[in-house]
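**Student:**
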Amino acid sequence: MNKIFAIVDANNFYASCERVFNPALENKPIIILSSNDGCVIARSNEAKAIGIKMGEPYFKLQSLIKYHNLKVISSNFALYGDISRRMMTIVEDFSPTCEIYSIDECFLDFSNLTDEQIQSQCQCIRDRVKKWLGLPVSIGIGATKTLAKLAVNIAKKRSEGYYHIATELQRLEALKSTNIEDIWGIGASYSNKLKAISVISALDLANCPDDHIKKQTNILAVKTAHELRGISCIDLVEVAEPKQSITVSRSFGNEIRDYQILNQSLSFFTSTAAEKLRKSGQMAKSISVFIRTNPFSKKPNQYGNSANITLNYPTDSTPILLSAVNTALQHIYKPDFSYKKAGILLNDFCLKTTKAFDLFDKPQLREEGSKLMTVIDKINHTYGRQTVFYASSGTAQQWLPKSSMKSASYTSNWDELILAR
DNA sequence: TCTGGGGTCCTAGGACCC
DNA sequence: TCTGGGGTCCTAGGACCC
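Numbering (numbering that gives the first Met the number 0), first residue to last: 0 to 420.
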């Protein structure tokens with residue numbers, strides 16, 4: 000039996016999440032801004048039609064916003080994450096295997112279904128997600144993941160909301176109508192390099208000899224070409240591999256010169272990262288800290304630096320990581336600059352169950368520390384994030400990113416439940 | 001004035017060893 | 001005058017995704 004992949008993809012996901020709780024936004028052009036209200040990360044169809052590009056800086060859009068009466072919203076990731084989990088729970092019921100690929104996309108295995116069954120599954124998924132969650136989704140189906148991704152782009156332009164590349168003719172039509180830069184896995188750089196050797200469409204890429212593709216790009220683009228030909232190279236990943244790194248970083252609302260405030264922001268990032276690390280059941284042996292001034296500033300003398308600390312033994316303990324971060328910051332901080340962004344990166348992971356400690360390890364202390372972390376995580380999980388926090392994170396949070404147009408935490412905070420009058 | 005955050009993978013080149 | 005070659009490992013940088 001040949002494989003059949005489906006991808007379920009929410010339409011304009013963040014914009015649609017906002018509309019679920021604010022129906023007045025239906026049919027209106029809306030854009031969602033990144034952290035710090037920096038640039039556009041999601042657009043409704045109406046905003047796309049106006050010509051607003053993905054990643055466009057917000058400050059450059061002021062006149063367009065006024066002219067078209069665009070609704071601007073700061074991103075609310077707690078809300079989107081929650082809606083995402085609900086969407087995946089619904090979709091998972093429709094396939095024995097399911098790979099959550101991103102916040103708004105999920106691959107399913109449709110391998111043993113007939114055409115009729117595929118059609119009815121697609122209608123059912125779309126209806127149920129719309130009815131239970133208020134979210135519009137599109138579905139693409141094909142013999143490979145890459146073809147399914149091509150199909151979902153076609154689906155979004157059709158009223159049925161799904162499309163199956165089922166026949167050879169449909170495959171060739173889909174490839175012909177897809178530009179090289181719109182293929183999953185081919186970004187701006189590779190598409191430019193491929194255009195230079197007259198590979199313009201997905202069909203051109205599928206017809207291009209592997210060694211030509213490899214010469215312009217790398218082995219991954221060769222795999223993509225195989226997938227376009229209908230040869231499946233990328234399998235469903237049912238169980239996600241454990242993470243290899245965890246980053247927490249932010250651009251600050253205002254530039255920061257003060258060491259204490261910078262350190263407070265980094266303490267906050269470290270606590271957040273450590274919590275994620277414990278949740279994944281892993282420990283880190285290495286932590287990096289980076290700080291930098293505003294890279295867009297015209298002023299001379301910009302500065303950015305990072306420092307990496309290798310710990311004596313792997314840990315998931317917040318205080319141990321905080322102490323390393325403090326040391327690292329002292330190495331790279333220079334008082335003559337104002338900093339725009341900072342972050343930390345945990346690396347070099349091993350599973351918590353692995354016992355590889357050094358000679359000077361004190362298992363009893365480690366055990367007590369671990370209990371403390373468990374209690375803190377439990378309190379924060381039950382009573383809300385930051386109910387208990389480290390003093391080094393401070394209370395003023397003068398570094399917080401801008402987020403002036405954020406919607407409420409409709410699904411995760413009792414005080415912000417939506418009111419029905 | 002104002003430009004995101006969080007991941008993964010591949011590759012070239014340097015360090016090191018024999 | 002004239003100074004090897006090949007393997008492995010690591011890392012930084014670049015590419016991709018959403």
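Think of the CB as a built atom: it goes at the ideal place given N, C-alpha and C, for glycine as much as any other residue.
Since the model is a prediction, treat every value here as computed from it, not as a measurement.
(1) Please confirm if the region 65 to 79 is in contact with the region 6 to 22, defined as three or more CB-CB distances below 8 Å between the two stretches.
(2) Taking 7 Å as the cut-off, decide whether the C-beta atoms of SER137 and ILE3 are in contact.
(3) Mind listing, in chain order, the continuous beta strand (DSSP E) runs of no fewer than 3 residues lying wholly within the region 144 to 180?
(4) Distance, Cα to Cα, GLN61 vs GLU55?
(5) Measure the alpha-carbon distance for PHE268 versus SER316 and round it to whole angstroms.
(6) With 16 as the cutoff for other CB atoms within 10 Å, does LYS385 come out buried or exposed?
(7) Please report the distance separating the alpha-carbon of ALA142 from that of SER285.
(8) Does the Cβ of VAL236 have 16 or more other Cβ atoms within 10 Å, making it buried, or fewer, making it exposed?
(9) If you reduce the DSSP assignment to three classes, tell me which class ARG291 lands in.
(10) Let me check understanding here. Comparing Cα to Cα, which of GLU45, PRO95, SER244 lies closest to LEU425?
(11) Count the other C-beta atoms from every protein chain shown that fall within 10 angstroms of the C-beta of PRO28, then say buried if there are 16 or more, exposed otherwise.
(12) Nearest CA to the CA of GLU98: which residue from GLN215, ILE319, ALA239?
(13) Can you tell me which of MET86, VAL39, MET372, VAL151 puts its alpha carbon nearest to the alpha carbon of LYS275?
(14) Comparing alpha-carbon positions, which option in ASN307, ALA205, LYS213 lies nearest TYR189?
(15) Measure the Cβ-Cβ separation of VAL221 and ASP209 and say whether it is below 7 Å.
(16) Tell me the rounded alpha-carbon separation between THR113 and THR166.
(17) Of all the options LEU227, ASP126, ALA41, which has the alpha carbon lying nearest to the alpha carbon of GLN169?
(18) For a minimum of 4 consecutive residues, which ranges assigned as the alpha helix (DSSP H) are wholly contained in the region 112 to 143?
**Tutor:** So, to answer that:
(1) Counting Cβ pairs under 8 Å, three or more are found: they touch.
(2) Going by C-beta atoms, SER137 is not nearer than 7 Å to ILE3.
(3) Runs of the beta strand (DSSP E) inside the region 144 to 180: 161 to 163.
(4) If I take the Cα positions, the gap works out to 11 Å.
(5) Roughly 14 Å separates the two Cα atoms.
(6) Just to set this straight, residue 385 is Gln in the shown sequence, not Lys. A residue is called buried once 16 or more other Cβ atoms fall within 10 Å of its Cβ, and GLN385, having fewer, is exposed.
(7) Approximately 41 Å between the Cα atoms of the pair.
(8) When all chains shown are included, VAL236 counts as exposed.
(9) Strand at ARG291.
(10) With the chain covering 0 to 420 only, the question about residue 425 has no answer from this structure.
(11) Classification for PRO28: buried.
(12) ALA239 is the residue among GLN215, ILE319, ALA239 whose C-alpha sits nearest the C-alpha of GLU98.
(13) Checking every option, the nearest Cα to that of LYS275 belongs to MET372.
(14) Of the listed residues, the one whose Cα sits closest to TYR189 is LYS213.
(15) Yes, Cβ-Cβ distance for VAL221 and ASP209 is below 7 Å.
(16) Here the alpha carbon of THR113 sits roughly 13 Å from the alpha carbon of THR166.
(17) Taking only the C-alpha atoms, the option nearest GLN169 is LEU227.
(18) Assignment of alpha helix (DSSP H) within the region 112 to 143, counting only whole runs of 4 or more residues, yields 114 to 132 in chain order.
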